[in-house]
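Right, one structure below, let's go through it.
Residue numbers (our numbering): 2 to 319.
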């Protein structure tokens, strides 16, 4: 009886709703403080700082009017952080070393071409020619068929009764990785579940999937809070995750699969349940789910989902 009263107060009174909203904000606050880089110097935080510096150097070299000799302090800091990262005993991301070598190599070539000094860079980096990071020259695209792609995608809740292969999932996610992210930190992770029993568990837990066919795969999109530095970046995980989510939907469509994004607005207890089912680390914030699978037939039924008149959402400031 007491539980029913508490639930009623929480759901039907301003006091209860406000108090529960405060609890949810406290939950988010605790997770962000515990797992972001605000007060940490662990391996992941050092890797994040390295990625941010790599991006800063790449951005500087891509500017149309870059000041001569720019970036010396950033390069020196980058090299110090790379040494620190290599000193950690636990398993490390090999890509970090390649990123550092690549951007320093590109920086050396850029400065030499500009007549800048590179004598402060250790000799071993002057001999590197890694191309993982740096800058590239690209032709301007003359045309695109994106309008056809965007207008042709529709959310689909009907799927064939078969799983999606690991190879296709990998291709879909790899294409979705073209999504931009804040300072190229790439905090978004994808947990692709093809286990039929676990898929059923997730769908039973999430009320928004009632009436769906069982999908061939459920994607959980998460953001690793370890890659965010301070209180001003507290919402960036949702922006990065949302951009990746849209790219994932386009990628799924490009590989001929059906999909439907499913909002993840849930109680903290369900966060823990989903994390347990999929093996999601505690430092990850769950952003959204996507159900996906092979089309059930040659055609499908989709909601029209008419969009608002563009003039009602667009504000041009002159």
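In this text, a Cβ means the ideal position worked out from N, Cα and C, and glycines have one as well.
All figures in this text were calculated on a predicted structure; none of them were measured in a lab.
For residue 132, the secondary structure class from DSSP, reduced to helix, strand or coil, is coil. Residue environment analysis places residue 286 among the buried positions, since at least 16 neighbouring C-beta atoms fall within 10 angstroms of its C-beta. Burial check for residue 252: the Cβ neighbour count within 10 Å reaches 16 or more, so the residue is buried. With three or more CB-CB distances shorter than 8 Å, the segment 285 to 303 counts as touching the segment 212 to 221. Taking all protein chains in view, the Cβ of residue 227 is crowded by 16 or more other Cβ atoms within 10 Å, so the residue is classified as buried. The criterion of a C-beta distance shorter than 8 Å is not satisfied by residue 199 and residue 264. DSSP, reduced to helix, strand and coil, places residue 121 outside both helices and strands of the structure shown, so it counts as coil. Residue 261 is bridged by DSSP to 292. Counting along the chain, residue 192 sits inside the beta strand (DSSP E) bounded by residues 189 to 194. When the beta-carbon positions are compared, residue 185 and residue 13 stay at least 8 Å from each other. Between residue 258 and residue 52, the alpha-carbon positions lie close to 33 Å from each other. Restricting attention to 124, 48, 64 and 75, the CA atom closest to the CA of residue 89 is found in 48. By the criterion of a C-beta distance shorter than 7 Å, residue 274 is surrounded in its chain by 206, once the five residues flanking it on both sides are discounted.
For residue 230, the closest alpha carbon among the candidates 19, 38 and 28 is that of 38.
Distance from the Cα of residue 79 is smallest, within the candidate group 122, 149 and 67, for 122.
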